[in-house]
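Trainee: Residue numbers (the numbering used here), protein chains in the order written: chain U, 6 to 392; chain L, 159 to 333.
In this text, a Cβ means the ideal position worked out from N, Cα and C, and glycines have one as well.
Handing you a structure now.
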């Protein structure tokens, strides 16, 4: 059994993004189960840093028990990259040479590519996420698997990434919906695209009574957990919830998470904004909620939906999000609404049918334990990668 | 006699991700029923515009939040004032020739535009920093006002308590 290398653009000591956490936790869990998983990355500190600034030392290091090798990132024309990147983000068409600029002037390390080319023959590589130069150029230096963290977004339509997905030995997806998207966008055979899922700590516990006592909440409430900003579609949820209230919705609304999106006047007094909470208090909130709402349309997995299910709380998700909609259907663990009318009707249904709501929570818990317990996810990865 | 336990969900293997099928709970059927019921009644508030969060509208936000929001947006916009090359390569021999002729013209225009943008960015940078200072001072003044108001309220309560009946005087009623 050879070594397994995760190739990532950065491996920060304190992850902030979803893909960063996923890389960190996946490598750690693989190692706990006897796989010699390691990390190859650049000296760039993290996503928010200058991608051409080699802030961390070159060479081998150990980060929370994981062997990490860092290589200098190449100099780059960030102004050219930013110009092209902005146009891609806006969804404007880009020419093939501009798409090339995106992969050439993004984060790249020729030293890392040289290391990849010299890896031992029985080593396996996993490249993640799909939209960085370390993945694009790394795959050219050494074939391997792709763990793309793909969304239906303008980047996915760039020609270099079509080549990249075709060149990968296989694609490891976080959800069935992502696997279907990969097949649709890149015309790959089903056998090459595997939905392995993301690992979740299934031992979480929450104390509903403790949460209700601490925050003096007696009645039913809809819970949102996540960043308080536009990216997660929270503004739309607040607007939809306000419309439900106008017709007499019987729940209040609790939101948990950092950020400072303002509450519309119509909701003043009906939204309890708790801000960032310690992990256990967040879990207590999930256990106490009548339903957890995940309004985002660009979710790639939604750990919080899984945590809610593990604590017996039904999920309410946006029907326009392929990933979370597929989760609630596959789990029989909640409802997928579209717009304020359906949100209000779903809330009424959950309040009027407490047994069905409880069963949704239980089903969701079973779905998570059977699919996304770390033992299961690691077993799937080992089978796919033959490590 | 106790009731028979409800049937347990079975597990269906759909490749990598296992699906839960609950014989007592069909979430698709529930949603279909919800949608059918909704079809027969008037939609909620047909004009949601008054409830949508729109940054910059003072009616929905406190002035402080609006100020902070606009400053953030301005700072974000300030980071990227450049314009990418808009020249599209033409097809065929004529297109290639036209592209070669147009390219230096585009470069010349961009040269002067970039110079102007640099100066504008410098000016806007100063303005934004000044606005941030003002925003901070405004926040401090607001906090100070809130503190003083609280003190006034406390003093009023103390005065009322010393008077014995707890009721405000005639002069205070209208305040």
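In terms of residues, what are the limits of the beta strand (DSSP E) holding residue 177 of chain L?
Mentor: Here residue 177 of chain L is taken as the residue at index 19 of the second chain, counted from 1. That run of the beta strand (DSSP E) goes 175-179.
Trainee: Would you check if the stretch 8-16 of chain U and the stretch 123-139 of chain U touch, i.e. whether three or more CB-CB distances between them fall below 8 Å?
Mentor: Yes: the two stretches touch, three or more of their Cβ pairs being nearer than 8 Å.
Trainee: Measuring only the C-alpha atoms, how far is residue 280 of chain L from residue 327 of chain U?
Mentor: Here residue 280 of chain L is taken as the residue at index 122 of the second chain, counted from 1. Here residue 327 of chain U is taken as the residue at index 322 of the first chain, counted from 1. Roughly 44 Å between the two C-alpha positions.
Trainee: If the cut-off is 7 Å on Cβ atoms, which residues from the stretch 32-46 of chain U count as contacting chain L, listed in chain order?
Mentor: Of all residues in the stretch 32-46 of chain U, none has a Cβ within less than 7 Å of some Cβ in chain L.
Trainee: Looking at the structure shown, is residue 72 of chain U part of a helix, part of a strand, or coil, going by DSSP?
Mentor: Residue 72 of chain U sits at position 67 when you count from the first residue of the first chain. Note: residue 72 of chain U maps to strand in three-state DSSP.
Trainee: Quick check on the DSSP output: the beta strand (DSSP E) that includes residue 47 of chain U runs from which residue to which?
Mentor: Counting from 1 along the first chain, the entry for residue 47 of chain U is found at position 42. Its beta strand (DSSP E) spans residues 42-47.
Trainee: Can the beta-carbon of residue 58 of chain U be found closer than 8 Å to that of residue 15 of chain U?
Mentor: Within the first chain, numbered from 1, the residue matching residue 58 of chain U stands at position 53. Within the first chain, numbered from 1, the residue matching residue 15 of chain U stands at position 10. Not a contact, by the Cβ cut-off of 8 Å.
Trainee: DSSP state of residue 37 of chain U, grouped into three classes?
Mentor: On the first chain, residue 37 of chain U is found 32 positions in, with the first residue counted as 1. Reduced to three states, the DSSP call for residue 37 of chain U is helix.
Trainee: Does any residue of chain U have a CB that is nearer than 8 Å to the CB of residue 174 of chain L?
Mentor: As a working mapping, residue 174 of chain L is identified with position 16 in the second chain. Output row for residue 174 of chain L: interface = yes.
Trainee: Tell me which residues of the stretch 276-301 of chain L have at least one Cβ-Cβ distance to chain U shorter than 7 Å, keeping chain order.
Mentor: Listed by position, the residues of the stretch 276-301 of chain L near chain U (Cβ gap below 7 Å) amount to none.
Trainee: Would you say residue 5 of chain U lies against chain L (beta-carbon separation less than 8 Å)?
Mentor: The shown model of chain U, from 6 to 392, leaves out residue 5 of chain U, and the question about it has no answer.
Trainee: Which of the three DSSP states, helix, strand or coil, is assigned to residue 198 of chain U?
Mentor: Along the first chain, read from residue 1 onward, the residue named residue 198 of chain U stands at position 193. Residue state, collapsed to three classes: strand.
Trainee: Give me the chain U residues within the contact set of residue 258 of chain L, using Cβ-Cβ distance strictly less than 8 Å, ordered along the chain.
Mentor: Counted from its first residue, the second chain places residue 258 of chain L at position 100. Chain U residues near residue 258 of chain L: none, gap ~15 Å exceeds 8 Å.
Trainee: For a test of the three-state rule: what should DSSP assign to residue 371 of chain U, helix, strand or coil?
Mentor: Counting from one through the first chain, the residue named residue 371 of chain U turns up at place 366. The answer is helix: DSSP assigns residue 371 of chain U an H, G or I state.
Trainee: Quick check: the stretch 191-200 of chain U against the stretch 17-34 of chain U, are there 3 or more CB pairs under 8 Å?
Mentor: In short, these stretches do not touch, since the Cβ pair count stays below three.
Trainee: Against residue 196 of chain L, what residues of chain U qualify as contacts under a CB-to-CB distance less than 8 Å, listed in chain order?
Mentor: For this step, residue 196 of chain L is matched to residue 38 along the second chain. By Cβ distance, chain U contributes 346, 347, 350.
Trainee: Less than 8 Å between the beta carbons of residue 354 of chain U and residue 294 of chain U, yes or no?
Mentor: If you number the first chain from 1, residue 354 of chain U lands on position 349. If you number the first chain from 1, residue 294 of chain U lands on position 289. Going by C-beta atoms, residue 354 of chain U is not nearer than 8 Å to residue 294 of chain U.
Trainee: Just to confirm before moving on: does the CB-CB distance between residue 329 of chain U and residue 373 of chain U stay below 8 Å?
Mentor: Walking along the first chain from the start, residue 329 of chain U turns up at place 324. Walking along the first chain from the start, residue 373 of chain U turns up at place 368. No. Outside cutoff.
Trainee: My output table needs one value for residue 67 of chain U: the three-state DSSP class, helix, strand or coil.
Mentor: Numbered from its first residue, the first chain carries residue 67 of chain U at position 62. Here residue 67 of chain U sits in strand by DSSP.
Trainee: Compare the Cα-Cα distances from residue 117 of chain U to each of U:324, U:333, U:77 and report the closest residue.
Mentor: As a position in the first chain, residue 117 of chain U is number 112, starting the count at 1. Nearest of U:324, U:333, U:77 to residue 117 of chain U, Cα basis: U:77.
Trainee: Does any residue of chain B bring its CB to less than 8 Å from the CB of residue 318 of chain U?
Mentor: The structure shown has no chain B; the protein chains it does contain are U and L.
Trainee: Provide the residue span of the alpha helix (DSSP H) that contains residue 260 of chain U, from first to last.
Mentor: In the first chain, the residue the question calls residue 260 of chain U occupies position 255. Not the alpha helix (DSSP H): residue 260 of chain U falls in the beta strand (DSSP E), residues 257-261.
Trainee: Could you spell out where the alpha helix (DSSP H) holding residue 240 of chain U opens and where it closes?
Mentor: For the purposes of this step, residue 240 of chain U is taken as residue 235 along the first chain, with counting starting at 1. Element bounds for residue 240 of chain U: 239-251.
Trainee: Closer than 8 Å, CB to CB, is residue 108 of chain U near chain L or not?
Mentor: Translated into positions along the first chain, residue 108 of chain U becomes position 103. Answer no: the Cβ-Cβ gap between residue 108 of chain U and chain L never drops below 8 Å.
Trainee: Once the 5 residues before and after residue 335 of chain U are set aside, which same chain residues still bring their CB inside 6 Å of it?
Mentor: Here residue 335 of chain U corresponds to residue number 330 of the first chain, with the count starting at 1. Cβ within range, chain order: n/a, list empty.
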